[in-house]
Every structure is written in structure tokens, then in C-alpha cells.
Amino acid sequence: MQERHDAPLAPLTTFRLGGPATRLVTATTDAEVIEVVREADATGTPLLVIGGGSNLVIGDKGFEGTALVIATKGFELTGTHLELAAGEVWTDAVERTVDAGLAGVECLAGIPGSTGATPIQNVGAYGQEVSSTITEVIAYDRRTGATVTLTNDDCAFSYRHSRFKEDPARYVVLRVHFDLEDADGLSAPIKYAETARALGVEPGDRVPLTDAHATVLKLRAGKGMVLDPDDHDTWSAGSFFTNPILTATQFAEFHARVKHRLGEDTEPPAYPAGEGHTKTSAAWLIDKAGFTKGYGAGAARISTKHTLALTNRGDATTEDLLTLAREVVAGVRDTFGITLVNEPVTVGVSL
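Sequential numbering of the sequence shown, starting at 31, is according to the working numbering.
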């Protein structure tokens, strides 16, 4: 277990933003993770848990307390059952499942971060969510001081949400179990229209696993969503805002605004999102509100490849980023009456 004091946190995040932590500890075993958490709780020390740092916006003043980097390792595949340690790099784990010929997470390729964060956010992209393959999560329960096993139902998964996100101070994820599918080298049914078009198939079709994996990586790279230290469009948290889910009344009001502002022939994106609810596109809202690719004049700007990503062009501060985010939120609200919600977790700051 490594320990540093007054340690910079910016290098540990994909935004490369944020001030230092009073104390930074890197744990490589579950026991070390639990030891650090218990110590912080016993002494009343604020605790910040860091995985891959791909979903964090840390304030310029940093973090007064203990920052815990979970760097545990473990990839255990038994038949179609997969157990991953929380510190495993997610992109590497996905690639290994594809190499093993197992379907279920191949369209989650290229998503930065660690495995432990995936159930917290119910990570999803291109028609897949981890909630469809996670069977249970092993976590340390800070309230009871015990290691617990939560079933898929216990996790209360929903769109980019879970029990862990609902109660962020209670659980520290240690291990995640998945049940994958052996489909003779084929992918799970392709659900996302863009992916199907890129593959030249119909939604619902299966394709070779390697084709699905490679296609998603290519699509993500084209939007600046695959980490590249030389590409400032990837100095981001990926999608900064979640896609709004609207009630029937809210969608009707939104639809009327769209017609009024953009013309009677304009139809906004609309996708079923459960009984009485419709999901629309945050990227579309941002673009149509006037915040196009590359928007901004400062060190924090919208990605030149995708309107849903806010980026650090190299010398931004967290306050630069938040100023841009607030401008986008206000603009979308004024134009369409919808308040965007940030997907990354904020530390010491808020929108």
C-alpha cells in the first residue's frame, strides 16, 4: 500500500483537473481497501474513492481528506461466469471477454475507467448496459462495517443510476460478477441503430464478436470517446450530461417548444423509456441550443467531435469547465425548458 501527502489528483482523472489531496493512498488488495476505509470512518476523515478517474470533476482546491485509489487486480473466468476486481481496467476486461468468445459487454468497449465504477453508474453505451449481465456485486458496507453481497435486484439499477449512486457514502465496490453468453463467437443481438448501420445489419441481428467490438471502438474514437493523451477531445469525462427522461406532460411541452423554435417540420429524438416516459438526446438539445462542436473560446470547450463532451484543451481549470457547463445548462433550459443533469461526480464543486 502506497501513501503520499499533498498529492496532485489531476493526473488521476481523465479531465486532468483538480487540486491536491491531503493524503493519497493506493490500495492493491481488498483487505487494504477495507483497512483504509475503516480508518477514515473511525477518525471521521473525509474519504474520496478513485478508480479510473473517468467520471470525476474535482475542484481546483482539491480534497481535504484521504483519497483512496483502488488498484486491485483480478480476472477470473469460469465458463460464462466472470469475476472482476474493482481495480481492473474496464477496457482491458472487455477485450479479454471478446478474446474468450463471450458476449454481453462487447459494445461497452473503449469506455474508460475501472470495473468498480461500472455498477455505480450502470455504465451503458451502444445498446448495452452492465445491469443486463451483472449478477452480483461484492462491496464493503460502511454502515455495518461488513463485506456484503448484493444481487442484481439489490443494486436497483436504472438508467445511469443504481443503489450505489443513490447512497454514495455507504458502499465501496470490491468485486463485480457477470454472467456472459457463449453464442459460438457471435455478439449479443445488436440493439443500437448506429451500430447496426455501421455493421451493415438490422437491429436484433448478431455479428462476430470481434466485429462488434472493433466497430464500437471505431465509432467511439470518431467521437473522441477513446482515451488518447495526444487528443484534447479525449481530455473529458465522455458524456458530460445524461439523456433526459421526460414524462408525457414534459415531453408534450418540450415538443411544442421544438416546433415553435425550430419549425413545424422538426421532430426531436424520442425513445421509449418505460411506461409513460420518453428519452430524448442531450447531444441534440445542446447542438440545437447553439452549442455546436468546438464551442467555447477558453481553455475548456465542447469537443470538436461530439457535443456531449466538455473538454480540457490543455490548461483549463475546473472552474473553467464548470463555467462552460453552466452556460450549456442555462442555454438548453432557456431554449427547450429541460434542465440537463451532469453525469460525472463532482468533488468539492457543483453546477
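Ideal Cβ placement from N, Cα and C applies to all residues, glycine included. Quantities reported herein were computed from a predicted structural model and do not represent experimental measurements.
Tell me which residue opens and which closes the beta strand (DSSP E) that L247 is part of.
Element bounds for L247: not the beta strand (DSSP E) but the alpha helix (DSSP H), 239 to 252.
Alpha-carbon to alpha-carbon, F45 and D261
D261 and F45 have their C-alpha atoms some 12 angstroms from each other.
Have a look at A147 and G344 and give me their C-alpha separation to the nearest angstrom.
Rounded to whole angstroms, the gap between the alpha carbons of A147 and G344 is 26 angstroms.
Between the beta-carbon of S311 and the beta-carbon of G254, is there less than 8 angstroms?
No. Outside cutoff.
Below 8 angstroms between beta carbons: does that hold for Y170 and V63?
In contact: Y170 and V63 (Cβ atoms closer than 8 angstroms).
In the DSSP assignment, find the unbroken beta strand (DSSP E) run with D171 in it and report its ends.
That run of the beta strand (DSSP E) goes 164 to 171.
Which word fits Y201, buried or exposed, when buried means at least 16 other C-beta atoms lie within 10 angstroms of its C-beta?
The Cβ neighbour count for Y201, taken over all protein chains shown within 10 Å, is at least 16; the residue is labelled buried.
Starting from the C-beta of H35, find all residues in its chain whose C-beta is less than 8 angstroms away, skip the five residues before and the five after it, and write them out in chain order.
Taken in chain order, the residues that qualify are T52, R53, L54.
Is the beta carbon of S161 sitting closer than 8 angstroms to the one on G82?
No.
So, at 7 angstroms on beta carbons, what are the nonlocal neighbours of A130 in its own chain, with the 5 sequence-adjacent residues on each side left out?
The answer, listed in chain order, is L107.
So H243 and V128 are in contact, right, with Cβ under 8 angstroms, and what is the actual spacing, rounded?
By a beta-carbon distance limit of 8 angstroms, H243 contacts V128. Their separation comes to about 5 angstroms.
Please report the distance separating the alpha-carbon of V67 from that of L77.
For V67 and L77, the distance between alpha carbons rounds to 7 angstroms.
Please return the same chain residues whose Cβ sits closer than 7 angstroms to the Cβ of L132, not counting the five positions on each side in sequence.
Listed in chain order, the non-local C-beta contacts of L132 below 7 angstroms within the same chain comprise T110, L210, E211, D212, local neighbours out to five positions each way being set aside.
Under 8 angstroms between C-beta atoms of H207 and N152:
8 angstroms or more divides the Cβ of H207 from the Cβ of N152.
By Cβ distance below 7 angstroms, which residues in the same chain neighbour G324 in space, the five residues on each side in sequence not counted?
Sequence-distant Cβ neighbours of G324 in its own chain, meaning closer than 7 angstroms and more than five residues away, are R331, I332, T334.
Close beta carbons around E321, own chain, < 7 angstroms, minus the five adjacent residues each side:
Before going on, a small fix: residue 321 reads as Phe here, not Glu. These residues qualify, in order along the chain: I332, T337, V358, G361.
Would you tell me roughly how many angstroms separate the C-alpha atoms of K195 and L229, rounded to the nearest one?
A direct Cα-Cα distance of roughly 34 angstroms separates K195 from L229.
Which residue's Cα is closest to the Cα of L216: D184, D241, A70, I150?
Distances from the alpha-carbon of L216 to those of D184, D241, A70, I150 put D241 closest.
Which listed residue (G367, E69, D90) has its alpha carbon closest to that of P38
With distances taken between Cα atoms, P38 lies closest to D90.
What are the boundary residues of the beta strand (DSSP E) that H207 is part of?
Here the beta strand (DSSP E) through H207 covers 201 to 209.
Which stretch, first to last residue, makes up the alpha helix (DSSP H) that contains I150?
Start and end: 148 to 151.
Helix, strand or coil for P41, going by three-state DSSP, please let me know.
Three-state DSSP puts P41 in a helix.
Coarse secondary structure for T52, derived from DSSP in three states:
The answer is strand: DSSP assigns T52 an E or B state.
Spatial neighbours of L42 in its chain, beta-carbon cut-off 6 angstroms, leaving aside the 5 residues before and after
Shown here for L42: same chain residues with a beta carbon closer than 6 angstroms to its own, the five before and five after excluded, namely I80, G83 in chain order.
Where do the ends of the beta strand (DSSP E) carrying E113 lie?
Taken as a continuous stretch (DSSP letters only), the beta strand (DSSP E) holding E113 covers 111 to 115.
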